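S.K.: Take the sequence shown: its letters are residues 1 to 220, numbered as in UniProt numbering.
Got a structure here, written out as structure tokens. Questions coming.
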Amino acid sequence: MTTPLIIAVPKGRILSEVQPLLAAAGVRPEPAFFDENSRALRFATDADGIELIRVRAFDVATFVAHGAAQLGVVGSDVLAEFDYPELYAPVDLHIGHCRLSVAEPAALAATDDPRGWSHVRVATKYPHLTARHFAARGVQAECVKLNGAMELAPTLGLAPRIVDLVSSGRTLKENGLVEVEVIVDVTSRLVVNRAAMKTRAAVVPLVEAFRRAVAERQAA
């Protein structure tokens, strides 16, 4: 019996953007996949020999890098944070658009100039990416690792600034923060386990199917 090909996709808002690309690539999940109340994590599809798993965004890269899944959909922010050599990212899916930015309280921003920083203390889910960014600017970064509720850090004295994903900016505004520097623009990518690309015959045609789906969507 052939082991199924596993595609890892992130939970959350990106699911609605992933769905049409999956369908265009010939992979249509069972209805339970889109049920937000379902506790299931592994799902069948109408494509022979292909299954989906639904995991946390940060875990997609880990599942694929270690070969538990052969392909995945993951943000370029996560790829930069983990920098797994086992991952190949052949297709920019042009979904999940946002940016990774530095933000601080509005009162501080009124008198602050990021160009004058020599040392920063930030709360972030991206300590490695953040440290590399500031090191390239000659700025020493002290990173406090948090997995969520980043916006509380400045008001509770944990760190005066944060580095986090920004889309509309509404969450920052509602918490009295303003964006002062963009570190990198982010989109979701199709990632592939390098070993699986060489050993699983179905991987390359699937990558090409996603590439065509993205091209058709861009041309529409």
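From the three backbone atoms N, C-alpha and C, an ideal C-beta is built for every residue, glycine too.
Remember, predicted model here, so these are calculated numbers, not experimental data.
Would you report the Cα separation of Phe134 and Leu206, rounded to the nearest angstrom?
M.R.: Roughly 38 Å separates the two Cα atoms.
S.K.: Please determine, among Arg28, Ala8, Ala65 and Gly12, the residue with the shortest C-alpha to C-alpha distance to Arg42.
M.R.: Ranking Arg28, Ala8, Ala65 and Gly12 by Cα distance to Arg42 puts Ala8 first.
S.K.: Taking the alpha helix (DSSP H) that Pro205 falls in, what are its first and last residues?
M.R.: Where Pro205 is concerned, the enclosing alpha helix (DSSP H) stretches over Val203 to Ala219.
S.K.: Please work out which residues of its chain come closer than 7 Å, Cβ to Cβ, to Ile50, disregarding the five sequence neighbours upstream and downstream, and give them in chain order.
M.R.: Cβ within range, chain order: Pro4, Leu5, Ile7 and Val27.
S.K.: Under 6 Å Cβ to Cβ from Ala47, same chain only, skipping five residues before and after it: list those, please.
M.R.: Closer than 6 Å at Cβ, skipping near neighbours: Gly26 and Val27.
S.K.: Where DSSP assigns a beta bridge to Thr187, which residues make up the other side?
M.R.: BP columns for Thr187 are empty, so no partner.
S.K.: Tell me Thr124's beta-bridge partners as DSSP assigns them.
M.R.: Partner(s): Lys145 and Val163.
S.K.: Between the region 79-86 and the region 157-164, are three or more C-beta pairs nearer than 8 Å?
M.R.: No: fewer than three Cβ pairs fall under 8 Å.
S.K.: Between which residues of its own chain and Ala40 is the CB-CB distance below 7 Å, once the five residues before and five after are set aside?
M.R.: So the list reads Ala32, once near-sequence residues are dropped.
S.K.: So the candidates are Asp59, Ala68 and Glu142; which of them puts its Cα closest to the Cα of Asp77?
M.R.: Selected option, being the one with the closest Cα: Asp59.
S.K.: Whole angstroms is fine: what's the gap from Ala220's alpha carbon to Ala89's?
M.R.: Cα to Cα, the separation comes out at about 24 Å.
S.K.: Grab me the residues of His97's own chain with a C-beta within less than 8 Å of its C-beta, minus the 5 sequence neighbours each way, in chain order.
M.R.: The answer, listed in chain order, is Ser167, Asp185, Val186 and Thr187.
S.K.: Which of the three DSSP states, helix, strand or coil, is assigned to Glu17?
M.R.: Three-state result, Glu17: helix.
S.K.: Can you find at least 3 beta carbon pairs, one from the region 54-72 and one from the region 11-23, that sit closer than 8 Å?
M.R.: Short answer: they touch.
S.K.: Starting from Asn175, follow its DSSP beta bridges and name the residues at the other end.
M.R.: DSSP, once it has assigned bridges, lists no residue as partnering Asn175.
S.K.: Below 8 Å CB to CB, which residues in the same chain sit around Val214 once its five sequence neighbours on both sides are set aside?
M.R.: Excluding residues within five positions, the ones whose Cβ falls inside 8 Å are Leu21, Val91, Asp92, Leu93 and His94.
S.K.: Rounding to the nearest angstrom, what Cα-Cα distance links Arg170 and Thr199 in this structure?
M.R.: Cα to Cα, the separation comes out at about 45 Å.
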